[in-house]
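Chains as they are written, first to last, in our numbering: chain V, 6 to 284; chain E, 31 to 414. Data block below; observations after.
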Amino acid sequence: MVKEVTKLIHKYLRHDKKFPHVWCPGCGNGVILGALIRAIDRLGLEKDEIVLASGIGCSGRMPVYVDFNTLHATHGRALTFATGIKLAKSSLTVITVMGDGDATAIGGNHFIHAARRNLNITAIIINNQIYGMTGGQSSPTTPYGCYASTATYGHIEHAFSIAELAKTAGASFVGRGTVYHIHLLEKLIKHAIVKRGFSVVEVISNCHIQFGRRNQMEDPVTMLEWMRDHSVTVEKAKDMEAEALKGFFTIGILADVEKPIYTEEYTNIQKRAKLLNPL
Amino acid sequence: MIKVMIGNHAVSYGVMLSRVQVIPAYPITPQTSIVEELSEFCADGHLNARFIKVESEHSAMACCIGASAAGARTFTATSSQGLALMHEMLHWATGARLPIVMANVNRALGPPWNIWNDQTDSLSQRDTGWLQFYCESNQEVLDTVIQSFKISEEVLLPTMLVLDAFFLSHTAEAVDVPDAQDVDRYLPRYQARYRLDVDNPHSFGNLATPEYYQGFRNKIQDDMIRARTVAKKADEDFESIFHRSYGFTEAYQCEGADLILVTSGTVVSTSRIVIDELRKEGRKVGLLKIRMFRPFPFDDVIGALKDAKKVAVLDRAISFGHSGIFAQEIMSAMYNQPSKPLIYSYITGLGGLDVTPRIITDIINDACERDIPPQESIWIGGKS
């Protein structure tokens, strides 16, 4: 068993070059990287056909560790770099991995427009509710009243729901998972990669170092248990009253719609233009 | 009161003592602990100011512009990519004549990613119309924050004070924290001369026809030049109260020196030791520290360098396709002088590469040995 796992690791990770990694012991990022690799392995995708692009923060380190085509871009711009890649070479499977601050603060504008434009890109957004790498500043998903290094007496702003934002902005596929619900997470990532259109997987993850320790959840297990105890599957939530759902978040597939993707629309409009204005 | 503090917290204390009123900020390594400390000062009432963590550095500077236009004393801090992202707003702050003060922790730009010290980030903002001060110690950092507000509010131009990543930002030193009452005497509460005011309406950012546009630009330059006189007085006034002053440059052992090394930031401290050692060996070498970069201190630089035979400029930055940025500035300052030294450009210390006494000695020896400076900069250290 261990041997199989090692084979998988050696196949996909730059294990002899880029390790040890920078993530703290117990960080959810490793769980997400594992789910991503298993999803890709089970889909049978070729490593060279995949691009993994990231921005800045702890999530930004993920492409450094994997043996795909990788791009560690600037803060908030993973999706803009990915947009360029997709326009230049649309046959590539382009996956971006971003954090909550990365995707919804400095890169918030790009996030909603990528969703609206519907390029065939997969966006994995790791939501640990804090800026982890820079030391625990409040992010757009830090819950109201929680503590951060820039909110030492409680956060007075209200949080975004990343998945709801993606739905409203027009993403074709939106899923929400957690690092506790590992099988679901792998399934959602697989679904998002296969889906033609802009696909978002929001992953609720644990930063017990920067978020947990300031918010009475000092170790990863407590944070994982919090995820277990505060999540409800989409299927179960359907039969629950709004009142009963208060304090819970839903996990599973939140949106899955069919609409033409940008690159197809582009080809179609070129054809139409050529018919109207022959050379 | 003497306190042991890292350079970043020296910035925060300087800001607190300057009674800043609005601080918009975005986290970036290695700046973040400046604004973290400030957010705490704001929350617990040590500083009566509003702190907001915005969604990007571009937003942080835009928010500073709004706050300053509304008449508040305004501060932010950033580094590297964050400063680059602010670029558009830096020009705006100058054009709008807003006396914003910002600390920039010098950090290399990517790619490849690197969080360590070099000066390319701030030097590539040279032409934005911000005053720039390069600090050597945590004490100088704290004092320069206070002086920056004094100067900026007089000339109505923004100021960027610069400190080295990690060598200052995260290194603790003993810092004499001035008394709040003394700082109040030096820097009274801010009264904006022009601000958004419903009783006396002003308009910021209108369209100007070419004649007026050029006229406004000319005024910026006039006030940049005036900033030299203002900064000199601000430094002298500072000395009369706090018994410390820094000048625009500092000439160390330059009397009778055949070769003068020119540099800035923490490399100056290491260079002093090297100069002392070489002087003991009987070598005629000196050191010129550049503290104020904009406005450029022509008289000080020319005065210090004109009698030397050779000048070696150590740059922690490069203007690709030309040479070290400080080197270019020194060359242009000396060009019209009747007697001038040969000027050598050295590039080292990029991306945090340690500038050791050995490297500095090598630079001095290299410049001594070469009869004529090569057209291209000389690179010291680093792997290809």
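Built from N, CA and C at the ideal position, the CB exists for glycine as well.
Review point. Does the beta-carbon of E:M31 have 16 or more other beta-carbons within 10 angstroms, so that it is buried, or is it exposed?
Key: Locating residue 31 of chain E in the second sequence gives position 1, where the first residue counts as 1. Classification for E:M31: exposed.
Point to revise | Nonlocal neighbours in the same chain, by C-beta distance under 8 Å from E:R400, ignoring five residues either side | key: On the second sequence, residue 400 of chain E is found 370 positions in, with the first residue counted as 1. Y374, listed in sequence order.
**Study point:** Unbroken beta strand (DSSP E) run spanning V:M245, endpoints
**Key:** The residue given as residue 245 of chain V occupies position 240 in the first sequence. That residue, V:M245, is in no beta strand (DSSP E); it is neither H nor E in DSSP.
Point to revise | Whether V:I209 touches V:T173 by CB criterion (7 Å) | key: For the purposes of this step, residue 209 of chain V is taken as the residue at position 204 of the first sequence. For the purposes of this step, residue 173 of chain V is taken as the residue at position 168 of the first sequence. Cβ distance not < 7 Å, so V:I209 and V:T173 don't count as in contact.
Check your understanding: In chain E, which residues lie less than 7 Å from V:H80 when you measure between Cβ atoms?
Key -> Taking the first residue of the first sequence as position 1, residue 80 of chain V is located at position 75. In chain order: Q111.
Exercise for review: If I'm right that E:G316 touches E:Y282 with Cβ under 8 Å, what's the distance once you round it to whole angstroms?
Suggested key: Here residue 316 of chain E refers to the residue found at position 286 of the second sequence. Here residue 282 of chain E refers to the residue found at position 252 of the second sequence. About 6 Å; that satisfies the 8 Å criterion.
Check your understanding: Quick one: Cα of E:A107 to Cα of V:E270, how far?
Key -> Looking up residue 107 of chain E in the second sequence gives position 77. Looking up residue 270 of chain V in the first sequence gives position 265. Whole-angstrom Cα-Cα distance: 44 Å.
Check your understanding: Skipping 5 residues on each side, what residues in its chain have a beta carbon closer than 6 Å to that of E:I82?
Key -> Counting from 1 along the second sequence, the entry for residue 82 of chain E is found at position 52. These residues qualify, in order along the chain: P54.
Check your understanding: On the three-state DSSP scale, how would you describe V:H77?
Key -> For the purposes of this step, residue 77 of chain V is taken as residue 72 along the first sequence, with counting starting at 1. It is a strand residue.
Exercise for review: Work out the CA separation of E:F71 and E:F326 for me, nearest whole Å.
Suggested key: One-based indexing of the second sequence puts residue 326 of chain E at position 296. One-based indexing of the second sequence puts residue 71 of chain E at position 41. Roughly 34 Å separates the two Cα atoms.
Point to revise | Inter-residue Cα distance where the pair is E:A394 and E:A342 | key: In the second sequence, the residue the question calls residue 394 of chain E occupies position 364. In the second sequence, the residue the question calls residue 342 of chain E occupies position 312. Before going further, note that residue 394 of chain E is Ile rather than Ala in the sequence given. Looking at the two C-alpha atoms, the distance is approximately 7 Å.
Review point. Can you check whether the CB of E:R127 is closer than 7 Å to the CB of E:L186?
Key: Here the question's residue 186 of chain E lines up with position 156 in the second sequence. Here the question's residue 127 of chain E lines up with position 97 in the second sequence. For E:L186 and E:R127, yes; Cβs fall inside 7 Å.
Exercise for review: Please decide whether V:G89 counts as near chain E, where near means a Cβ-Cβ distance under 7 Å.
Suggested key: Position 84 of the first sequence, counting from 1, holds the residue named residue 89 of chain V. It does not: the Cβ of V:G89 has no partner Cβ on chain E nearer than 7 Å.
Practice item. Assign V:Y267 to one of three DSSP states: helix, strand, or coil. Key: Looking up residue 267 of chain V in the first sequence gives position 262. Residue state, collapsed to three classes: helix.
Check your understanding: Closest by CA to E:H26, which one among E:T104, E:G112, E:H76?
Key -> Since the first and last residues shown for chain E are 31 and 414, residue 26 of chain E lies out of range.
Exercise for review: Just confirm the distance between the C-beta atoms of E:T189 and E:I181, as a whole number of angstroms; I'd bet it's less than 8 Å.
Suggested key: Looking up residue 189 of chain E in the second sequence gives position 159. Looking up residue 181 of chain E in the second sequence gives position 151. Correct: roughly 6 Å between the Cβ atoms.
Exercise for review: Just the chain V side, please: which residues come within less than 8 Å of E:K413 by C-beta, in chain order?
Suggested key: Reading the second sequence from its first residue, position 383 is the one you call residue 413 of chain E. Ordered by position in chain V, no residue passes the 8 Å Cβ test against E:K413, which lies about 17 Å from the chain.
Check your understanding: Relative to the ligand GTP, is the shortest distance from any of its heavy atoms to the C-beta of E:V185 smaller than 6 Å?
Key -> The ligand content of the structure shown is nil, which means the ligand GTP is not present either.
Practice item. Check each residue of the segment 110-144 of chain V: if its Cβ is closer than 8 Å to any Cβ of chain E, include it; give the result in chain order. Key: A110, I111, G113, Y136, M138, T139, G140, Q142, S143
Review point. Does DSSP put E:V207 in a helix, in a strand, or in coil?
Key: In the second sequence, residue 207 of chain E corresponds to position 177, counting from 1. E:V207 falls in the coil class under three-state DSSP.
Check your understanding: Among E:D206, E:G125, E:F105, which has the Cα closest to the Cα of E:D178?
Key -> Counting from one through the second sequence, the residue named residue 178 of chain E turns up at place 148. The question names Asp, but residue 178 of chain E in the sequence shown is Ser. Checked all of E:D206, E:G125, E:F105; the closest Cα to E:S178 is E:F105.
Practice item. Output the boundary residues of the beta strand (DSSP E) element that contains E:Y164. Key: Stepping through the second sequence from its first residue, residue 164 of chain E is reached at position 134. Residues 161-164.
Point to revise | Beta-carbon contacts of V:W231 that lie in its chain and below 8 Å, excluding the five residues immediately before and after | key: Numbered from 1 along the first sequence, position 226 holds the residue referred to as residue 231 of chain V. Closer than 8 Å at Cβ, skipping near neighbours: M222.
Exercise for review: Kindly confirm or deny that the segment 154-168 of chain V and the segment 138-146 of chain V touch, where touching means at least three C-beta pairs closer than 8 Å.
Suggested key: yes
Review point. Should V:I111 and V:G141 be called a contact, given that it needs their Cβ atoms to be closer than 7 Å?
Key: To locate residue 111 of chain V, count along the first sequence from 1; it is residue 106. To locate residue 141 of chain V, count along the first sequence from 1; it is residue 136. For V:I111 and V:G141, no; Cβs fall outside 7 Å.
Review point. If you draw a straight line from the alpha carbon of V:C212 to that of V:V36, how long is it in whole angstroms?
Key: Here residue 212 of chain V is taken as the residue at index 207 of the first sequence, counted from 1. Here residue 36 of chain V is taken as the residue at index 31 of the first sequence, counted from 1. Whole-angstrom Cα-Cα distance: 12 Å.
Check your understanding: Over what stretch of residues does the beta strand (DSSP E) that includes E:S110 continue unbroken?
Key -> Counting from 1 along the second sequence, the entry for residue 110 of chain E is found at position 80. That residue, E:S110, is in no beta strand (DSSP E); its alpha helix (DSSP H) goes 110-125.
Review point. Are the C-beta of E:K336 and some C-beta of chain V separated by less than 7 Å?
Key: Locating residue 336 of chain E in the second sequence gives position 306, where the first residue counts as 1. No - not a single Cβ of chain V is within 7 Å of the one on E:K336.
Point to revise | Proximal residues of chain V, C-beta to C-beta of E:I389 below 7 Å | key: Along the second sequence, read from residue 1 onward, the residue named residue 389 of chain E stands at position 359. Simply none; closest approach about 29 Å.
Point to revise | Bridge-paired residues (DSSP) for E:P54 | key: Your numbering for residue 54 of chain E matches position 24 in the second sequence. E:P54 is bridged to E:I82.
Review point. In the DSSP assignment, what are the bridge partners of V:S204?
Key: On the first sequence, position 199 is the one that residue 204 of chain V refers to. The partner list for V:S204 (beta bridge, DSSP) reads V:T127, V:F178.
Check your understanding: Based on the DSSP secondary-structure assignment, which residues constitute the bridge partners of V:Q142?
Key -> The count along the first sequence starts at 1 and reaches residue 142 of chain V at position 137. DSSP output for V:Q142 lists V:Y136 as bridge partner(s).
Point to revise | Where E:Y374 falls: helix, strand or coil (DSSP) | key: The sequence position of residue 374 of chain E within the second sequence is 344, counting from 1. Residue state, collapsed to three classes: strand.
Practice item. For E:S233, name the three-state secondary structure that DSSP assigns. Key: Within the second sequence, the letter at position 203 stands for residue 233 of chain E. Note: E:S233 maps to coil in three-state DSSP.
Exercise for review: Go through its chain and collect everything with a Cβ distance to E:V260's Cβ below 6 Å, but skip five positions before and after it.
Suggested key: Your numbering for residue 260 of chain E matches position 230 in the second sequence. Correct list, in chain order: I181, E184, V185.
Exercise for review: Mind listing the chain E neighbours of V:S154? Cutoff is C-beta to C-beta under 7 Å, in chain order.
Suggested key: Here residue 154 of chain V refers to the residue found at position 149 when the first sequence is read from its first residue. Ordered by position in chain E, the residues that pass the 7 Å Cβ test against V:S154 are E66.
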